[in-house]
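Q: From first to last, the protein sequence lines are chains X and H. Positions 2 to 333 (this note's numbering) are the ones given, in order, by the first sequence. Positions 2 to 333 (this note's numbering) are the ones given, in order, by the second sequence. Every residue, glycine too, gets a C-beta built ideally from N, C-alpha and C. Here it is, the structure in full.
There are 2 protein chains.
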Amino acid sequence: MEDVAARAGVSRALVSIVYRDVPGASEATRAKVLRAAAELDYRPDHRARLLGRQRTRLLGVVYGVHHAFHGDLVEALYAAAEPAGYDVALSAVAPSRDEQRAVQSLLDYRCEALILLGSEQRPARLAALAERMPVVSVARKVRAGGVDVVRTDDAGGIRQAVEHLAGLGHRRIVHVDGGRAPGAAERRTGYRQAMKSAGLDPHVVPGGLTEEDGAAAAGEALRLRATAVAVFNDRSAIGFLDQVRRRGRAVPDDLSVIGYDDSSLARLSHVGLTTVGQNAKTLAELAVGRALDRLDGADLPPGELVVPPFLVVRGTTAQVSGRRWGSEMTGF
Amino acid sequence: MEDVAARAGVSRALVSIVYRDVPGASEATRAKVLRAAAELDYRPDHRARLLGRQRTRLLGVVYGVHHAFHGDLVEALYAAAEPAGYDVALSAVAPSRDEQRAVQSLLDYRCEALILLGSEQRPARLAALAERMPVVSVARKVRAGGVDVVRTDDAGGIRQAVEHLAGLGHRRIVHVDGGRAPGAAERRTGYRQAMKSAGLDPHVVPGGLTEEDGAAAAGEALRLRATAVAVFNDRSAIGFLDQVRRRGRAVPDDLSVIGYDDSSLARLSHVGLTTVGQNAKTLAELAVGRALDRLDGADLPPGELVVPPFLVVRGTTAQVSGRRWGSEMTGF
DNA sequence: ATGAAAGCGCTAACAT
DNA sequence: ATGTTAGCGCTTTCAT
Chain X
2 MEDVAARAGV SRALVSIVYR DVPGASEATR AKVLRAAAEL DYRPDHRARL LGRQRTRLLG
62 VVYGVHHAFH GDLVEALYAA AEPAGYDVAL SAVAPSRDEQ RAVQSLLDYR CEALILLGSE
122 QRPARLAALA ERMPVVSVAR KVRAGGVDVV RTDDAGGIRQ AVEHLAGLGH RRIVHVDGGR
182 APGAAERRTG YRQAMKSAGL DPHVVPGGLT EEDGAAAAGE ALRLRATAVA VFNDRSAIGF
242 LDQVRRRGRA VPDDLSVIGY DDSSLARLSH VGLTTVGQNA KTLAELAVGR ALDRLDGADL
302 PPGELVVPPF LVVRGTTAQV SGRRWGSEMT GF
Chain H
2 MEDVAARAGV SRALVSIVYR DVPGASEATR AKVLRAAAEL DYRPDHRARL LGRQRTRLLG
62 VVYGVHHAFH GDLVEALYAA AEPAGYDVAL SAVAPSRDEQ RAVQSLLDYR CEALILLGSE
122 QRPARLAALA ERMPVVSVAR KVRAGGVDVV RTDDAGGIRQ AVEHLAGLGH RRIVHVDGGR
182 APGAAERRTG YRQAMKSAGL DPHVVPGGLT EEDGAAAAGE ALRLRATAVA VFNDRSAIGF
242 LDQVRRRGRA VPDDLSVIGY DDSSLARLSH VGLTTVGQNA KTLAELAVGR ALDRLDGADL
302 PPGELVVPPF LVVRGTTAQV SGRRWGSEMT GF
């Protein structure tokens, strides 16, 4: 910095002013400084900036290395933080690196707020953290004092799925649920409500979150003579699909299937699973926005920001054939 | 720190000594300091440490948010860096955040070395970077001056696949290749060599890296009356599998199939794909080791460290049936 | 608009 | 073993 100042013929303070992009330097000086810096290919030392300024303008993000969707979120968080003049510090949690560790390393960097993706920490700990700084939990509903939550409307997602299927003429729409998995209760409830609203009889088959669970549910769903099935998530839907086909049923001709997550699995071309997707961009923007609002001293009550998911129609859903089940179109 | 020192009744220097874990403090003092720190729940400011010490002991890691295997590597890198007293700074590359940007932000933190996962940067740029600091490219062979490479032995992986199949009695082993994808050439060559060594006739069917590519290759492979197929990667193998089954062939009864990558796809229980896996732990340890060696001034010629992959036997490979093709067991 | 100078919270060389 | 002191490379207040 000294060198740049010298080369530009000004003091270090001016260089700082130019780099922080604050008023206090003439256009001429600005240009001089920038040119000098370019010639020396100078880049401000990020450590020193962080240390020197009062506010670090650092957003700590904790995410899981193995969650595909977290990748989308991380990308979106970078994009959301930058225009606000904030920087993102990443800390990964993995089987050999627990969440607490990940959080601690972020605290040591003195980041101003914490954004936790799919946090599994105990509410008490989260509440303690939230006492020190803004904490927002993304994609995970937590009931901890002071913690903001930004998540997708799970019930609404299933509702869209049901409405899509009903719109295709299906009436025997079964839900293979997620058991006790996080989000499963919401989706189950959403399904029941959507079915009622459509004047249809709901029917839930116990499932889970793995392919096995989906495969295991296929028999029961077929027995119920379902023409369409909304499965808890994509993984389970894949297992379900596989099993259904092995039993000689064609998808979507005989049976429509819809997953949940819009994971990479669903996108596989030979799978082409119709599914429900989450809007990473919106989630990220809301999370960052929330954190910054708090940093700006907004005295909002901590709350939930719920983002509507959207339907991704691919190849596993189609108009009900209507022939297979004859005249029994009135319910189960 | 001042507070801790005061509470412990010593000077700040002692606190620093204790926290750096260097000789120069009596056991008694050490205990006093630690206790005082605990009471105040003091944690050293990471920014200040970085700034103050000569060597930042920071390893910059650039990875792709959407590469599942990078997740494994990141986890292993954390584990490898810690015992050496180094810290990891993560920087993600994503569609909206290019590699150069990711690298730059790491440089601004003044990390001492760069570990790039699956780098796609131009050799010239890498070479320029390598002039400033140790740079190691993991999982990507690059020919750039001064850049170390740590990668998996692709040819060896395919060789293991072929040997596994040959060991099961297969003789008509076909390779569905990866076209011009990175690593495809090595695997193709490895396949040809392995087949020759086993006294078998190699036969390569053009493929690619997507499910479509695999599916498209199924017809040709069947036409060649293959009893076993080694596919370029898991994605392609999945498409291949699907297509083969649609044509009424049973896997592994009629045909053994082996993928490459040990991706989450291969692990799906209903897929159970036999595949070739890479050793993230070893790759990470070698990468960190290399970087540290260079930092310690070792004057090694930049070179490639090649790690042997390993076979993951699941359910898509089995003993050749021997009946289907009658007596024509001698080749194509 | 520009510059001087005092931190930020540590590390590390040096003195005691 | 312990304390003193001068940085590290910036930011930021206050003069000029």
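With DSSP run on the structure shown, which of helix, strand or coil describes tyrosine 261 (chain X)?
A: Tyrosine 261 (chain X) falls in the coil class under three-state DSSP.
Q: Got a sec, what are the start and stop residues for the beta strand (DSSP E) valine 63 (chain X) sits in?
A: Element bounds for valine 63 (chain X): 59-65.
Q: Using the C-alpha atoms, what's the distance from valine 75 (chain H) back to alanine 288 (chain H)?
A: Roughly 11 Å separates the two Cα atoms.
Q: Quick one: list the residues of chain H neighbouring proline 96 (chain X), beta-carbon separation under 8 Å, in chain order.
A: What proline 96 (chain X) touches in chain H: Glu76.
Q: Apart from the five residues just before and just after serine 120 (chain H), which ones in its own chain have a Cβ nearer than 6 Å to its Cβ?
A: If we look at serine 120 (chain H) and ignore the five residues flanking it on each side, its Cβ neighbours are Ser138, Arg141.
Q: Are any of the Cβ atoms in chain H nearer than 8 Å to that of serine 198 (chain X)?
A: No, because no Cβ of chain H sits closer than 8 Å to the Cβ of serine 198 (chain X).
Q: Where do the N-terminal and C-terminal ends of the alpha helix (DSSP H) with glutamate 121 (chain H) fall, by residue?
A: Glutamate 121 (chain H) -> no alpha helix (DSSP H), and no H or E assigned at all.
Q: Could you tell me whether the Cβ atoms of leucine 118 (chain H) and leucine 107 (chain H) are closer together than 8 Å?
A: Their beta carbons are not under 8 Å apart, which means leucine 118 (chain H) does not touch leucine 107 (chain H) by this criterion.
Q: Measure the beta-carbon distance from glycine 146 (chain H) to cysteine 112 (chain H) and round it to whole angstroms, keeping in mind my assumption that it falls under 8 Å.
A: The pair is not a contact, with the Cβ atoms about 21 Å apart (cut-off 8 Å).
Q: Report the CB separation of leucine 312 (chain H) from histidine 165 (chain H) in whole angstroms; it is logged as a contact under 8 Å.
A: The pair is a contact, with the Cβ atoms about 6 Å apart (cut-off 8 Å).
Q: Could you check what DSSP says for phenylalanine 311 (chain X) in three-state terms: helix, strand or coil?
A: In the structure shown, phenylalanine 311 (chain X) sits in a strand (DSSP, three-state: E or B).
Q: For a test of the three-state rule: what should DSSP assign to alanine 182 (chain X), helix, strand or coil?
A: Coil, per DSSP.
Q: Determine the extent of the beta strand (DSSP E) in which glycine 278 (chain X) is found, giving its start and end residues.
A: Element bounds for glycine 278 (chain X): 276-278.
Q: With DSSP as the reference, label serine 322 (chain X) as helix, strand or coil.
A: In this structure, serine 322 (chain X) counts as coil in the three-state DSSP scheme.
Q: Take aspartate 214 (chain X) and list the residues in its own chain whose beta-carbon comes closer than 6 Å to its own, dropping the five residues that flank it on each side.
A: If we look at aspartate 214 (chain X) and ignore the five residues flanking it on each side, its Cβ neighbours are Gly208, Ser237.
Q: Which residue marks the beginning of the beta strand (DSSP E) containing aspartate 149 (chain X), and which one marks its end?
A: Where aspartate 149 (chain X) is concerned, the enclosing beta strand (DSSP E) stretches over 148-153.
Q: With DSSP run on the structure shown, which of helix, strand or coil describes glycine 327 (chain H)?
A: With a pLDDT of only 40 at glycine 327 (chain H), under 50, the local geometry of the prediction cannot be trusted, and the value read off the model is given with reservation. Note: glycine 327 (chain H) maps to coil in three-state DSSP.
Q: Is valine 175 (chain X) near histidine 204 (chain X), with beta carbons less than 8 Å apart?
A: Yes.
Q: Tell me, please, whether the CB atom of serine 270 (chain H) is closer than 8 Å to any CB atom in chain X?
A: Yes, contact with chain X.
Q: Is it the case that the Cβ atoms of valine 230 (chain X) and valine 258 (chain X) are separated by a distance below 8 Å?
A: Yes, the pair counts as a contact, with Cβ atoms nearer than the cut-off.
Q: Expressed to the nearest angstrom, what Euclidean distance is found between the alpha-carbon atoms of alanine 299 (chain X) and proline 84 (chain X)?
A: Alanine 299 (chain X) and proline 84 (chain X): Cα-Cα distance of roughly 20 Å.
Q: In whole angstroms, what is the alpha-carbon distance linking valine 23 (chain H) and glycine 260 (chain H)?
A: Going by the C-alpha atoms only, they are around 50 Å apart.
Q: Can you look up alanine 299 (chain H) in the DSSP assignment and give me helix, strand or coil?
A: Coil at alanine 299 (chain H), not helix or strand.
Q: In chain order, which alpha helix (DSSP H) runs of at least 4 residues are fully inside the stretch 83-119 of chain X?
A: As far as the stretch 83-119 of chain X is concerned, its whole alpha helix (DSSP H) runs of at least 4 residues are 100-109.
Q: For the pair the stretch 41-50 of chain H and the stretch 93-101 of chain H, tell me if three or more CB-CB distances fall below 8 Å.
A: Contact between the stretch 41-50 of chain H and the stretch 93-101 of chain H is absent, because fewer than three Cβ pairs lie under 8 Å.
Q: Beta-carbon within less than 6 Å of leucine 306 (chain X)'s beta-carbon, same chain only, minus the 5 sequence neighbours each way: which residues are those?
A: Counting only Cβ-Cβ distances below 6 Å, and skipping sequence neighbours, we find Val151, Leu287.
Q: Would you kindly work out how many angstroms separate the C-alpha atoms of methionine 134 (chain X) and alanine 128 (chain X), rounded to a whole number?
A: Roughly 10 Å between the two C-alpha positions.
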